[in-house]
Amino acid sequence: MGGCASGRLARGSPHAATRAYPRSAGAPPTTSIHPMGIASESCMRTRLLLGARGGGGWKDRGMADARPKYQRLVDRLRSTIADMPVGASVPSERALADDAGVSRMTARKALDALEAEGLLRREVGRGTFVSRPAVSLPLMLTSFSEDMRARGLEPSSRLLDASSLAADAELAAVFDVAVGEPLVRVDRLRLADGVPFAIERSTLLESAVPGLLDADLAHASLYELLDREHGIRFDAGRQSIRAAIVRADDAAILELGSGDAVLELVRTSIAAGVVVEHTVSTYPGDRFELSASIAPVTADGSVRSALRAR
C-alpha cells in the first residue's frame, strides 16, 4: 500500500464521493474519499493532524529550517493536539511518516517525545490517543487550592457531605482522644479549571473548629478558612501514599471506570502540637504524579547529594 498521498482525486471530481466514518467519542469527524481515489480514514486523520489542506502535505508547508525533522514534526503535532479532546485517536507512526515525508524512525521519535511530555498515551493493541500531562503534587504541607494556583489552575469545590460524628476507635487513635469525642466530617470534590481532580474526605476535631459546618465549605479553601476563622495554621503533619482501586461511589464523580486505579493520600495535620485534621484524598491514578526531593545524609547530618524523584 502507498502512503496517504497516493491515489488522491481533485476536489470536485465526479469519482470523489465522500462518506462519514465511525469515530471514537470526542474525536473530530473525518471523511474518506471513495474508490478511484482511496484515502483511508487514518490518512484523512493524519492530514488533519498535520494541518495539510491537500496538495503536498506537511513537508511542503514552509517547514524548512535547521531543526531536526523529528523536532519540526513534534512542534506541529503539539500545536494541533492541543485543540483535540482527551481520548481522541492519533494516526499511527506509519501514517504520520507517509504523509509527513519522513522515516518511520523519525515519526516514532516524535510520538515518543509527545508521550514523554504526557500529551499522548499508547495502548497496546488499540493505538495512540490524546492525553494531558499529569499534575505533579509536592509532598508539602500545602492546601489543594495553593497547589493548583501555583500551577496556573483555578481551584473550586463541590460539597458532597458535611456532618458531625463521634470518633470510633480508629479515629480516636489518630486524634489521640477518647472514643466518642465529637468530630466534624467534610467531603468535597476538588476541581481545577472545572475538571474533577480529587475527592477529599476531611475529619476535624470539633472542639478546634466550632461552627465549621455553618461556613461556606463549597467555595472557600479549608486551610484559608481555618486560618481566618479559627487562627489555625498547620506547622507539622504526617502523610502516606497508597495505591487503590476506585470505590464504586467515587468512580462516577471522578469520571473513572469501574476498577480504575487511584492514588490515596492520607494526611494528618498538626497545629501547635495538636492533631486537628485527618484527610484522605483520592486522585485518579493517570492524572497525577507525586514528587519529592530526597537526599542521602552523612553521619554529621549534612547533605552529600540530592536526587529528585517523580
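Numbering-wise (my numbering), the sequence shown opens with residue 2 and increments by one. Positions of the beta carbon are idealized from the N, C-alpha and C atoms, including for glycine. Since this is a predicted model, take the numbers as computed values, not measurements.
Cut-off 8 Å between Cβ atoms - residues of its own chain near residue i, not counting five sequence neighbours on either side
i           : result
residue 2   : Unreliable placement is indicated for residue 2, whose pLDDT of 46 sits below 50; no coordinate value is reported for it.
residue 216 : 226, 230
residue 263 : 244, 245, 246, 247, 251, 255, 257, 283, 284, 285, 286
residue 265 : 242, 243, 244, 245, 281, 282, 283, 284
Helix, strand or coil at residue i according to DSSP, with G and I counted as helix
i           : result
residue 265 : strand
residue 176 : helix
residue 80  : helix
residue 108 : helix
residue 230 : helix
residue 1   : This structure cannot settle anything about residue 1, because the visible part of the chain is limited to 2 through 311.
residue 67  : coil
residue 182 : coil
residue 210 : coil
residue 221 : coil
residue 154 : coil
residue 85  : coil
residue 148 : helix
residue 278 : strand
residue 249 : helix
residue 117 : helix
Close Cβ partners of residue i (< 7 Å) along its chain, the five nearest in sequence each way excluded
i           : result
residue 110 : 71
residue 94  : 105, 108, 109, 112
residue 272 : 233, 234, 235, 236
residue 154 : 193, 194
residue 150 : 156
For residue i, the first and last residue of its enclosing beta strand (DSSP E)
i           : result
residue 287 : Counting along the chain, residue 287 falls outside any beta strand (DSSP E), and DSSP gives it neither H nor E.
residue 122 : 121-124
residue 201 : 196-206
residue 237 : 237-246
residue 128 : 128-131
Nearest-angstrom beta carbon gap, residue j and residue i [assumed within contact, 8 Å]
i           : j           : result
residue 255 : residue 197 : 5 Å
residue 283 : residue 200 : 5 Å
residue 204 : residue 239 : The pair is not a contact, with the Cβ atoms about 14 Å apart (cut-off 8 Å).
residue 115 : residue 79  : 6 Å
residue 275 : residue 168 : Rounded, the Cβ-Cβ distance is 14 Å, inconsistent with contact.
residue 178 : residue 170 : Actually they are not in contact, since the Cβ atoms of residue 178 and residue 170 sit about 11 Å apart, beyond 8 Å.
Residue nearest to residue i in terms of C-alpha spacing, selected from the options
i           : options            : result
residue 195 : 159, 263, 202      : 159
residue 103 : 177, 129, 75       : 75
residue 258 : 128, 235, 247      : 247
residue 234 : 224, 268, 213      : 224
residue 245 : 237, 260, 238, 73  : 260
residue 206 : 166, 221, 266      : 166
residue 120 : 267, 77, 181       : 77
residue 174 : 219, 279, 218, 68  : 279
residue 229 : 213, 128, 242, 241 : 213
residue 1   : 218, 242, 118      : Here the chain has residues from 2 to 311 only, and residue 1 is not among them.
residue 267 : 287, 243, 275, 168 : 243
residue 221 : 263, 162, 156      : 156
residue 285 : 252, 275, 276, 274 : 252
residue 83  : 263, 69, 118       : 118
residue 362 : 127, 68, 211       : The chain is shown only over 2 to 311; residue 362 falls outside these bounds and no answer can be derived.
Residue i - containing alpha helix (DSSP H), residue span
i           : result
residue 168 : Premise fails: residue 168 is in no alpha helix (DSSP H) and is neither H nor E.
residue 255 : Where residue 255 is concerned, there is no enclosing alpha helix (DSSP H), given that its DSSP letter is neither H nor E.
residue 98  : 94-101
Cβ neighbours of residue i in the same chain (closer than 6 Å, five flanking residues each side left out)
i           : result
residue 202 : 188, 281
residue 122 : 130, 132
residue 28  : Note that residue 28 has pLDDT 44, beneath the 50 cutoff, so the model's placement of it is unreliable and the number below is only indicative. 89, 90.
residue 186 : 164, 166, 204
Heavy atom of the ligand PLP within 7 Å of residue i beta-carbon
i           : result
residue 171 : This structure simply doesn't include the ligand PLP, nor any ligand for that matter.
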